[in-house]
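Numbering (the numbering used here), first residue to last: 4 to 348.
The beta-carbon is built from N, C-alpha and C at its ideal position, and this holds for glycine as well.
On a predicted model such as this, the values are computed, not experimentally measured, just so you know.
To start, the structure under review is shown below, and the notes come after it.
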Ligand code: G3H
Ligand code: 13P
Ligand code: ZN
């Protein structure tokens with residue numbers, strides 16, 4: 004099966020009332036683990052690469068690995084998606100490489116840090132839609148800014164500042180009408196990485212989970228029942244995975260992720276794509292640390308990359324079941340980009 008346009012995966016998810024995990028990849032082991040999990044749970048799936056991932060893998064390697072994934076599992080609908088594209092040029096590059104879907108993150112400027120104005124966001128997102136749709140390629144845009152506590156994406160907003168950059172439902176309606184994008188990433192208080200909350204109990208000083216504005220998702224869904232929403236920063240950061248890392252020499256402070264129940268609530272209200280990267284990173288790191296700690300005599304990378312791949316697989320299987328995509332791989336006949344071109348005409 005060729006890689007399918009992401010739009011079809013989202014349209015089908017909307018029909019079935021489920022969400023689809025979009026998992027970030029940087030290497031072969033992650034791609035293999037995702038595909039094995041998709042095969043074993045019979046799930047359609049979205050594999051995504053950030054600009055950092057493309058740079059790390061020199062682009063061509065990830066492209067070929069994703070193509071291999073589609074070839075090895077021809078019965079699994081797979082979309083190949085660019086995560087957080089920062090300009091029309093970057094999106095064009097990904098499309099030329101064979102990506103069937105791109106994100107134009109116009110909520111931020113090209114530096115990936117400075118918030119854009121609403122008008123700048125509309126202009127750059129529309130430019131990508133006008134370029135991508137005639138080629139059958141799906142476009143995701145973002146309105147509002149995620150909190151950025153510890154990684155390279157995001158404006159580095161504090162919890163208080165995040166409140167001023169949440170997605171405004173009325174503006175979302177205008178944004179979707181003006182840009183005609185396929186999927187809308189919303190800012191509701193999530194952030195990338197393992198440290199998603201700067202909130203502390205004022206009395207005990209204990210860390211508190213991030214406060215999410217789920218009502219914004221509910222409201223957007225009410226206004227636009229056919230709009231496919233995307234939740235970024237949706238790793239759950241399970242304590243068991245952090246504990247394994249710390250048990251074997253890591254040093255991660257207490258932290259909170261996004262509870263699965265909140266993601267499921269989003270899915271009930273129009274969230275169709277759920278971005279998860281950090282949970283896979285945690286699983287991989289924990290498994291590798293365990294081998295290094297327990298078998299210090301080992302030096303063959305396969306001795307730790309195999310357990311790492313297995314640990315990531317467990318995370319993907321759990322998320323595919325929780326998001327509801329499990330069991331749906333065979334529900335529809337996959338589209339090509341040619342078919343998708345006709346949709347947009
Ligand atoms: O958007 C954030 C993803 O987790 C990708 O992160 O830029 O470190 O590859 P990255
Ligand atoms: P996490 O860091 O929560 O996994 O989020 C990943 C993401 O949103 C990628 O775009
Ligand atoms: Zn993201």
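Of the residues the options, the one placed nearest residue i, counting alpha carbons only
i, options, result
"residue 342", "52, 194, 103", "103"
"residue 307", "244, 83, 318, 293", "293"
"residue 333", "35, 37, 77", "77"
"residue 287", "232, 240, 71, 183", "240"
"residue 234", "20, 15, 5, 24", "24"
"residue 274", "281, 282, 263, 280", "263"
"residue 318", "284, 45, 141", "284"
"residue 98", "123, 134, 119, 129", "134"
"residue 109", "49, 90, 95", "90"
"residue 347", "66, 132, 244, 127", "132"
"residue 144", "167, 247, 177, 166", "177"
"residue 149", "197, 159, 245, 141", "159"
"residue 1", "47, 101, 74", "Only positions 4 to 348 of the chain appear in the structure, and residue 1 is not among them; the question remains open."
"residue 37", "316, 174, 344, 169", "316"
"residue 136", "61, 54, 111, 106", "106"
"residue 189", "46, 170, 59, 245", "170"
"residue 195", "41, 280, 146", "280"
Where residue i falls: helix, strand or coil (DSSP)
i, result
"residue 199", "coil"
"residue 224", "helix"
"residue 282", "helix"
"residue 332", "coil"
"residue 118", "strand"
"residue 154", "The predicted position of residue 154 is uncertain, since its pLDDT is 48 and thus under 50; a value taken from the coordinates is nonetheless stated next. Residue state, collapsed to three classes: coil."
"residue 19", "helix"
"residue 348", "coil"
"residue 141", "strand"
"residue 9", "helix"
"residue 65", "helix"
"residue 255", "coil"
"residue 231", "strand"
"residue 244", "helix"
"residue 301", "coil"
"residue 215", "coil"
6 Å Cβ shell around residue i - same chain, five flanking residues per side excluded
i, result
"residue 11", "338"
"residue 302", "none"
"residue 335", "15"
Contacts around residue i, its chain only, beta-carbon distance under 7 Å, and the 5 residues preceding and following it disregarded
i, result
"residue 249", "255"
"residue 21", "270, 326, 327, 328, 331"
"residue 314", "286, 287, 289, 290"
"residue 183", "132"
"residue 340", "8, 103, 138, 139, 140"
For residue j and residue i, believed in contact at Cβ under 8 Å, the rounded distance
i, j, result
"residue 115", "residue 87", "7 Å"
"residue 138", "residue 81", "Contact flag wrong, Cβ pair sits at about 18 Å."
"residue 267", "residue 217", "Wrong, their Cβ atoms sit about 11 Å apart, outside the cutoff."
"residue 32", "residue 312", "4 Å"
"residue 172", "residue 193", "In fact, because the Cβ distance is near 17 Å, the residues do not count as touching under 8 Å."
Bridge partners - residue i, DSSP secondary structure assignment
i, result
"residue 51", "27, 84"
"residue 210", "203"
"residue 146", "189"
"residue 338", "Note: residue 338 sits in no beta bridge, so no partner."
"residue 104", "84, 141"
Residue i Cβ short of 6 Å to the ligand ADP heavy atom set
i, result
"residue 55", "As far as ligands go, the structure on display features the ligand G3H, the ligand 13P and the ligand ZN and does not contain the ligand ADP."
8 Å CB neighbourhood of residue i in its chain, flanking five on each side removed
i, result
"residue 18", "none"
"residue 43", "320"
"residue 323", "24, 40, 41, 44, 46, 48, 329"
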